[in-house]
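Below: the structure, in structure tokens.
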Amino acid sequence: MQATFHIKRESIRHFHMERYQRLGGAFHFHSHIELLLLHRGEVEVCINEARIPLRENELAMVTSYEAHKFLSLTDNVDCTILFIPAFLCPDFVEALRNKTSRFPVVRDATAMERIRGAAAELAREGLNAIEQIGYIHVILGTVLGQIGLEERVAPPETELPDRLLFYINEHYKEDISAESIAQAMGYSRNHLSKSFRASLHVGLGRYINTVRLKNAVMLMRENKGSITDCALESGFSSLRTFYRVFAEEFGCSPREYLKRECF
22 MQATFHIKRE SIRHFHMERY QRLGGAFHFH SHIELLLLHR GEVEVCINEA
72 RIPLRENELA MVTSYEAHKF LSLTDNVDCT ILFIPAFLCP DFVEALRNKT
122 SRFPVVRDAT AMERIRGAAA ELAREGLNAI EQIGYIHVIL GTVLGQIGLE
172 ERVAPPETEL PDRLLFYINE HYKEDISAES IAQAMGYSRN HLSKSFRASL
222 HVGLGRYINT VRLKNAVMLM RENKGSITDC ALESGFSSLR TFYRVFAEEF
272 GCSPREYLKR ECF
């Protein structure tokens, strides 16, 4: 399984939902919570090493940073995917802390009726922010009551990638590197880098830069300063590195990106 960090998904800082008639693609991960609501057809849900068949009127949940992909099994697939930034639902994120789901799929008919109703309201135009959060909480609360949480039992070594993700999220604006993180966490640089890559299938340095890039793109889209200011504010100490990472991810310069996406 080779999963990539989905920086383009990360750069979207609001709740949104999309309708699909066909699903496919490579393993990827991001911080958003993702809910797949299947209206018609059959889909294979791949989360980490699990392969789960999903059928009509069922829902699958993917939590933050889980490697996943969805594959159409029939030609008549019709589904809605809800993308929920984690900061919109801190209570849900906290409820999942140190927990794992026995089965991340909702199949109960009554629960699905409640979820479908709330999803229909979320698709309606003109919702204010409070209404939107309310319907999101209805869906997440219903999901939480169905998926069967249990304590995650894991030795400290398997928890290292999670600790690394948390550390990077807290310190990415600072002058951090694999070496400085290793010193702060009490590991050798080699061990830390190997553990991170083995778990998330991306290099530690590249991941740090993609998190910085996510923040820089958000600042740029919100017109919070010049391109240089946004890069420096996001932790890039070298503009050369920023422009290289940006071009690798988006295939264009920051200025070209802004013209294409914001005007």
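Take the sequence shown: its letters are residues 22 to 284, numbered as in this note's numbering.
Yeah, the Cβ is synthetic: ideal placement off N, Cα and C, and Gly gets one too.
If you count every other CB in all the chains shown that lies within 10 Å of the CB of H35, and 16 or more means buried, which is it?
It is exposed - the Cβ of H35 has fewer than 16 other Cβ atoms within 10 Å.
Pick helix, strand or coil for S214, following the three-state DSSP scheme.
DSSP places S214 in helix when its eight states are reduced to three.
Measuring alpha carbon to alpha carbon, tell me which of V66, V232 and L59 ends up nearest G46.
Looking at the Cα atoms, V66 is the closest of the given residues.
Could you spell out the range, first to last residue, of the beta strand (DSSP E) harbouring D99?
Where D99 is concerned, the enclosing beta strand (DSSP E) starts and stops at D99 to I105.
Contact the region 110-119 vs the region 59-77: 3+ CB pairs below 8 Å
Result no; under three Cβ-Cβ pairs closer than 8 Å.
May I ask you to list the residues that DSSP assigns as paired with P74?
As computed with DSSP, P74 is found in a beta bridge with E65.
Y193, DSSP secondary structure in three states:
Correct three-state label for Y193: coil.
Every unbroken beta strand (DSSP E) within the region 107-152, with a cutoff of 3 residues, ordered by chain:
Taking only runs of at least 3 residues, the beta strand (DSSP E) segments lying wholly in the region 107-152 are 120-122.
Which partner residues of S93 appear in the DSSP bridge assignment?
Paired residue(s): V64.
Which same chain residues, not among the five before or five after Y228, have their C-beta less than 8 Å away from its C-beta?
These residues qualify, in order along the chain: F26, I189, F217 and L221.
Are F104 and V64 close, meaning C-beta to C-beta below 7 Å?
No. Outside cutoff.
Quick check on the DSSP output: the beta strand (DSSP E) that includes V83 runs from which residue to which?
Segment E79 to V83, the beta strand (DSSP E) holding V83.
Rounding to the nearest angstrom, what Cα-Cα distance links R72 and F271 in this structure?
Each residue's alpha carbon lies about 31 Å from the other.
Quick one: residues in its chain with C-beta nearer than 7 Å to the C-beta of R40, no 5 flanking neighbours on either side, listed in chain order?
Here the set comprises T101.
Within 10 Å of its beta-carbon, does F257 have 16 or more other beta-carbons around it, so buried, or fewer, so exposed?
F257 comes out buried.
Could you give the residue range of the alpha helix (DSSP H) that holds Y228?
Here the alpha helix (DSSP H) through Y228 covers L225 to R242.
First and last residue of the alpha helix (DSSP H) that includes E270?
In the DSSP assignment, E270 falls within the unbroken alpha helix (DSSP H) covering L260 to F271.
Below 8 Å on the Cβ atoms is my contact criterion, and I expect A199 with G226 to pass it. Report the Cβ-Cβ distance as a whole number of Å.
The C-beta distance from A199 to G226 rounds to 6 Å, short enough to fall under 8 Å.
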